[in-house]
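Engineer: Numbering (our numbering), first residue to last: 521 to 706. Beta carbons: idealized from backbone N, C-alpha and C, even for Gly. None of these values were measured; they are calculated from a predicted model.
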Amino acid sequence: MATGSPGAFITAVLPQPDCKRLIASDDAGLEYSTVEASRGFVVTRTLMTICGAADVLLLSLLSVIGERESGDIHVILFAGFAAASYVYFICVCLLTRWTFTGSQSDIWRKRLQRTFLASVTITIPVIIALFTLYNGFCVPFTYELFAVFEYATVLAMYAFHVCSLPKMTGHVYVFHSSIKSRTQRV
Numbered sequence: 521m522a523t524g525s526p527g528a529f530i531t532a533v534l535p536q537p538d539c540k541r542l543i544a545s546d547d548a549g550l551e552y553s554t555v556e557a558s559r560g561f562v563v564t565r566t567l568m569t570i571c572g573a574a575d576v577l578l579l580s581l582l583s584v585i586g587e588r589e590s591g592d593i594h595v596i597l598f599a600g601f602a603a604a605s606y607v608y609f610i611c612v613c614l615l616t617r618w619t620f621t622g623s624q625s626d627i628w629r630k631r632l633q634r635t636f637l638a639s640v641t642i643t644i645p646v647i648i649a650l651f652t653l654y655n656g657f658c659v660p661f662t663y664e665l666f667a668v669f670e671y672a673t674v675l676a677m678y679a680f681h682v683c684s685l686p687k688m689t690g691h692v693y694v695f696h697s698s699i700k701s702r703t704q705r706v
C-alpha cells in the first residue's frame, strides 16, 4: 500500500481494459487490486464500442445522403443505423445491469433504458411494415404514419442516449484527501 500526502489529488479511471481498480482509504493511502472481467462482459463492452461507432458513422451518412438524393442508399443506411443502435442499446442495458450499484439514479436509469429500448423494439417493426405498405402496395396515408413512427424512433434513440450518458461519465473520479466525503465527477 502506498500513501499520499494530505491535499494530493488521487485519480481513478474505471473500468480500465485490464480492470485495475483504485481504492482510496480514509488515511489517504492507496490500494490497488485487480479484478478479472468475465468473457461476456468483455465481449459485450467490445460489441458496444463497435456498434456505437457504427451508429455514429451511419447517422452521419444519413445526414449527408437524404431520401431524395438516393432513396435506396438512404433505406440501407437507416436499416444499418437502426440495427447498430438496437444492438448498442442491448449492450448498454446489459452493462448497466452488470455494473448496477443500487443507487436511486441507477434504478431510474435502468427503468428509462428499458422503457426506451421497449419503445424502439415496438417502433422499428412498425416502420418496416409501414414502409413496405407504402412502397410495395401504395396504401394511402402510410407514408405519413411512417414518418411519425420514424421520428418517434429517433426521439426514443436520443432519449436512450441521454439517460445513459450519466452512467458513462461516472468512470473518472477525483478524490481530494482533505475533503473525504466529497467526490467530483470529471
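So, with DSSP's three-state summary, where would you put residue 686?
Structural biologist: Residue 686: helix per DSSP, three-state reduction.
Engineer: Return helix, strand or coil for residue 651, following the three-state DSSP convention.
Structural biologist: If DSSP states are grouped into helix, strand and coil, residue 651 belongs with the helices.
Engineer: Would you mind reading off the limits of the alpha helix (DSSP H) that contains residue 593?
Structural biologist: Unbroken alpha helix (DSSP H) run through residue 593: 591-618.
Engineer: Alpha carbon to alpha carbon, how far is residue 680 from residue 615? Give it in angstroms, no decimals.
Structural biologist: In a straight line, the C-alpha of residue 615 is about 14 Å away from that of residue 680.
Engineer: Is it buried or exposed, residue 640, if we count other Cβ atoms within 10 angstroms and call 16 or more buried?
Structural biologist: When all chains shown are included, residue 640 counts as buried.
Engineer: Does the Cβ of residue 580 have 16 or more other Cβ atoms within 10 Å, making it buried, or fewer, making it exposed?
Structural biologist: Exposed, since its Cβ has fewer than 16 Cβ neighbours within 10 Å.
Engineer: Can you tell me which of the three DSSP states residue 659 falls into?
Structural biologist: In the structure shown, residue 659 sits in coil (DSSP, three-state: anything other than H, G, I, E or B).
Engineer: From residue 646 to residue 666, what does the alpha carbon distance come to, in whole angstroms?
Structural biologist: One C-alpha to the other measures close to 8 Å.
Engineer: So is residue 644 buried or exposed if we call it buried at 16+ other beta carbons inside 10 Å?
Structural biologist: The residue is buried, with at least 16 neighbouring Cβ atoms inside 10 Å.
Engineer: So, residue 611 versus residue 633, is the Cβ gap smaller than 8 Å?
Structural biologist: No, they are not a contact pair.
Engineer: Looking only at its own chain, which residues have a Cβ that is under 8 Å from the Cβ of residue 575, when we skip the five neighbours before and after it?
Structural biologist: Taken in chain order, the residues that qualify are 601, 604, 605 and 608.
Engineer: Comparing the CB of residue 615 with every heavy atom of the ligand MG, is any distance shorter than 7 Å?
Structural biologist: Looking at this structure, you won't find the ligand MG or any other ligand, since it has none at all.
Engineer: Nearest CA to the CA of residue 636: which residue from 598, 652, 683 and 649?
Structural biologist: Answer by Cα proximity: 683.
Engineer: My output table needs one value for residue 588: the three-state DSSP class, helix, strand or coil.
Structural biologist: Coil at residue 588, not helix or strand.
Engineer: For residue 625, which residues in the same chain have their Cβ closer than 8 Å to its Cβ, ignoring the five residues on either side in sequence?
Structural biologist: Excluding sequence neighbours, residue 625 sits near 686.
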